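Structure first, then comments.
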Amino acid sequence: MNHPQIAYYTFLIIGFMTIGYAVYYIREKIGGKFLLPLAILIIATVLGVLCNSVSLLTTYEYSKASIRGGTELPDSTTSSTTEGLSKEYALSYSMYKAEPFVMMVPKMYGGSSDLEKNEEDSKAIAALREMPQQVAQQLQYNLGAYWGGIGGTSGPPYVGAIICFLALVGFFVLDNRHKWWILAASLLAIVMSWGSFFEGFNVFLLNNLPLYNKFRAPSMTIVIPT
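Each residue of the sequence shown is one higher than the one before, starting from 231 at the first, in our numbering.
Structure below.
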């Protein structure tokens, strides 16, 4: 468990899957058969956490002395203290509302926030070459090919146009009980990736979803639909 944030999102997926199975078993009136898989899931979860307990407990202990441990200073508008990351910091690196479409259209919001120097046909690079060396060196660090909401990225989380198209077709064509919990988890993840651009909902999650306020970069939730 080397990346707690990704592990957290994995548990969210497992949670949606569990709810999906529970609804299926209850609707089919075979709820009793759900108890054994649920027990196995709980045991596997406990064993997985125990196997990583040293890393998890150490990280948890260290987090108390970091910005993830919150602050003992009262908020300027209330007399209460806060736990976890501040709202502004936790919601940094948010995607624009249309930006999740980069899973299907990779260059919709450009590419890397750094100038892509390997593109020989780049007009920006051609312009830099015509400038004095000192000016060009200063400008190249401020030029980028990304104009999305994250602020800085090495590239879009492109999944594949064909894969996304087939997935969308599958939701309409296939009669499969799995598609509903996958769709629900994917839609929630996309809304979560909006972060500060859909602040009301995401602040609610920060305040109410356990441990969610320990992480920043809402754009990382896009790993759930991918």
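Ideal placement from N, C-alpha and C gives every residue a C-beta, glycine not left out. Everything numeric in this text was worked out from a predicted model, so none of it was measured.
- Under DSSP, no beta-bridge partner is assigned to Y255.
- Proximity to T383 across Y339, I297, K353 and I272 peaks at Y339, based on C-alpha coordinates.
- Rounded to whole angstroms, L286 and K263 show a C-alpha spacing of 33 Å.
- M450 and M361 have their C-alpha atoms roughly 38 Å apart.
- Going by beta carbons, S423 and P330 fall inside the 8 Å limit.
- Sequence-distant partners of M334 (beyond 5 residues in either direction) whose C-beta falls short of 6 Å from its own C-beta, in its chain, are A391 and C394.
- The way I'd put it, the region 246–255 does touch the region 409–417; three or more beta-carbon pairs between them come closer than 8 Å.
- Distances from the CA of G379 to each of Q367, L404, L435 and S342 were compared; the closest alpha carbon is that of S342.
- With contacts defined as CB atoms closer than 8 Å, A397 and I454 fail to qualify as a contacting pair.
- One thing to note: V399 has its Cβ no nearer than 8 Å to the Cβ of T456.
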